[in-house]
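Right, one structure below, let's go through it.
Residue numbers (our numbering): 929 to 1327.
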């Protein structure tokens, strides 16, 4: 019977990873496709590579939260944890697949958290759920889209004031600075393990040096291909920045969302092989992370086009410049919350940032009905996943 549940959990985890890639590919490539900076085929391949790399390198930070930070695993029996996590994966995968067919960008992280809460209630009762931690996560769900709006709005306002003075070589220099900041943030946050002075200096040093090295490569690449005309040169630099910020967003999304399948799957595997619920410090097995990252990459390549139009074109019209601002704002926000280990909505960050950019140009530029519809589906998804998982788990363990 335990082998059967391993198979169920494995298939459920791959389904969650696959539909995560299919539904959330638009988070990283919707803006560049909508603005015309990348073709659909090239964008899908591009996103799948960076999502995989981000998931493998950064994926451990949020995975442990999903495994031990939603339900008190010591309050449920080992057999119930195996059943509960497996059912949560399957229910989440099926539900998000149905919503993806409606071309609605869904938060898979919110859905899997809802499933885990449902399992906890069914297997251990109200006291099995870590409500203070869940409250913090829910607060982050609400806060992140508004942070995305605020950051996108502020950065576009600043950008629109500065861009008129940025042409030719100035565009390349300002672009290099933004590229440097993006790379530095990714390296620094990854290496920052504690608040100790030693670790802080180590993270800062490698972040500064690594970002400098990659920025040098970026500068050399762009300077050799930049058109002579000042306006065309500026547009070319913005296009390269949009693509690089999309790479960061894909990396950030893979890093954050690989936890959705890998956290619950790790719980099932550890419980089956040890006979006990996971306790103490838990490390997510590297093969599980790779398996989940591959699932996300596969979802992007096979069905990633499904929600691209909704993100890239229907919320607000995007130019290369406005798409870059939205993508840059969202990618930095997602990197920070991922490093903090908070299972929040990467979709919320990019939808918020795109809406913020649109609002900076005027309320009429934003499809507020669509934004409200997307947000409504996020919270409906949590409730449906929690209820379905609760019902199935309660029925199975009662037999």
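Idealized CB from N, CA, C, for every residue including glycine. Keep in mind it's a predicted model, so treat the numbers as computed, not measured.
Can you tell me whether residue i is buried or exposed, with buried defined as 16 or more other CB within 10 angstroms of its CB?
i	result
residue 960	buried
residue 1212	buried
residue 946	buried
residue 1244	buried
residue 1038	buried
residue 1185	buried
residue 1296	exposed
residue 1097	exposed
residue 1060	exposed
residue 957	buried
residue 952	buried
residue 929	exposed
residue 1054	exposed
residue 1327	exposed
residue 1114	buried
residue 1122	exposed
residue 1215	exposed
residue 1157	exposed
Measure the alpha-carbon distance for residue i versus residue j and round it to whole angstroms.
i	j	result
residue 1190	residue 1154	42 Å
residue 973	residue 1140	27 Å
residue 1144	residue 1174	19 Å
residue 1040	residue 1017	7 Å
residue 1166	residue 1142	17 Å
residue 1010	residue 955	32 Å
residue 950	residue 1225	9 Å
residue 1307	residue 1234	21 Å
residue 1271	residue 1292	32 Å
residue 1267	residue 1274	13 Å
residue 1105	residue 1283	25 Å
residue 1090	residue 1249	12 Å
residue 1027	residue 1127	43 Å
residue 1095	residue 1170	17 Å
residue 1131	residue 986	15 Å
residue 1299	residue 1030	15 Å
residue 1125	residue 1199	37 Å
residue 1045	residue 1255	31 Å
residue 1063	residue 1160	49 Å
residue 1176	residue 1110	8 Å
residue 1231	residue 1047	29 Å
Specify, as a first and last residue, the run of the alpha helix (DSSP H) that residue i falls within.
i	result
residue 929	Taken as a continuous stretch (DSSP letters only), residue 929 belongs to no alpha helix (DSSP H), as it is neither H nor E.
residue 1012	1006-1028
residue 893	With the chain covering only 929 through 1327, there is no way to say anything about residue 893.
residue 1133	1125-1153
residue 1092	No alpha helix (DSSP H) contains residue 1092, which DSSP labels as neither H nor E.
residue 1036	1036-1052
residue 1260	1248-1267
residue 1211	Residue 1211 -> no alpha helix (DSSP H), and no H or E assigned at all.
residue 1169	1158-1185
residue 1239	Element bounds for residue 1239: n/a, residue is neither H nor E.
residue 915	Residue numbering for the chain in the displayed model covers 929 to 1327; residue 915 lies beyond these limits and cannot be assessed.
residue 1275	1274-1289
residue 1312	1296-1326
residue 977	968-986
Nearest chain D C-beta to residue i closer than 8 Å, yes or no?
i	result
residue 1155	You won't find chain D in this structure, because it holds only one protein chain.
Hey, residue i and residue j: beta-carbon distance below 8 Å or not?
i	j	result
residue 1330	residue 1146	With the chain covering 929 to 1327 only, the question about residue 1330 has no answer from this structure.
residue 1264	residue 1117	yes
residue 1285	residue 1253	yes
residue 1076	residue 1168	no
residue 1056	residue 1000	yes
residue 1276	residue 991	no
residue 1196	residue 937	yes
residue 1321	residue 1050	yes
residue 994	residue 1187	yes
residue 1217	residue 1005	no
residue 1221	residue 942	no
residue 1247	residue 963	yes
residue 1162	residue 1099	yes
residue 1020	residue 1070	no
residue 982	residue 1180	yes
residue 1085	residue 1251	no
residue 975	residue 1302	no
Considering only heavy atoms of the ligand HEM, does any lie closer than 7 Å to the CB of residue i?
i	result
residue 942	As far as ligands go, the structure on display features none, and thus does not contain the ligand HEM.
From the DSSP output, read off the bridge partner residues of residue i.
i	result
residue 1057	999
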